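Written below as structure tokens is the structure these notes are about.
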Amino acid sequence: MKKLTRSQQNRMVTGVCAGIANYFNVDPTLVRIITVLIAFITSGFPVLVAYIVLAVIMPNEGETI
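The UniProt record's numbering puts the first residue of the sequence shown at 1, with every later residue one more than the last.
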């Protein structure tokens, strides 16, 4: 079973977008672009809060839960 983890190799800030991309088997750049577009549409605050929450909650790649 796949686990949602933050990426260690393909990270820009904390690895959240790359981890989501790895989980869904898509390009991390696509997830980053979608995240930025959603941030512009929603004035950024909800996306920023969600990103920070995910950065705190999601374990790093290779960590055991």
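Glycine included, C-beta positions come from ideal geometry on N, C-alpha and C.
This one's a predicted model, so the numbers in the text were calculated from it and none came from an experiment.
Next on the checklist: Mapping the DSSP letters down to three states, classify N25 as helix, strand or coil.
Outcome noted: Position 25 of the sequence shown, counting from 1, holds the residue named residue 25. Coil.
Next on the checklist: Pop quiz: T5 and P59 are said to be a contact at Cβ under 8 Å. What is the actual Cβ separation, rounded to whole angstroms?
Outcome noted: For the purposes of this step, residue 5 is identified with residue 5 of the sequence shown, where counting begins at 1. For the purposes of this step, residue 59 is identified with residue 59 of the sequence shown, where counting begins at 1. Separation of the CB atoms of T5 and P59 is rounded to 5 Å, and the pair is thereby assigned contact status at 8 Å.
Next on the checklist: Which same chain residues end up closer than 7 Å to Y51 when comparing Cβ atoms and leaving out the 5 residues on each side of it in sequence?
Outcome noted: In the sequence shown, counting from the first residue as 1, residue 51 sits at position 51. If we look at Y51 and ignore the five residues flanking it on each side, its Cβ neighbours are V16.
Checklist entry - Is the CB-CB distance between I20 and V31 below 8 Å? => result Taking the sequence shown and counting its residues from 1, the one referred to as residue 20 is at position 20. Taking the sequence shown and counting its residues from 1, the one referred to as residue 31 is at position 31. Yes, the Cβ-Cβ distance between I20 and V31 is below 8 Å.
Checklist entry - Got a sec? Which residues, its chain only, sit under 8 Å from residue 71 by beta carbon, not counting five neighbours each side? => result Outside the modelled stretch of the chain, which goes from 1 to 65, sits residue 71, for which no answer is possible.
Checklist entry - According to DSSP, is R32 helix, strand or coil? => result Start at 1 with the first residue of the sequence shown, and residue 32 comes out as number 32. Three-state DSSP puts R32 in a helix.
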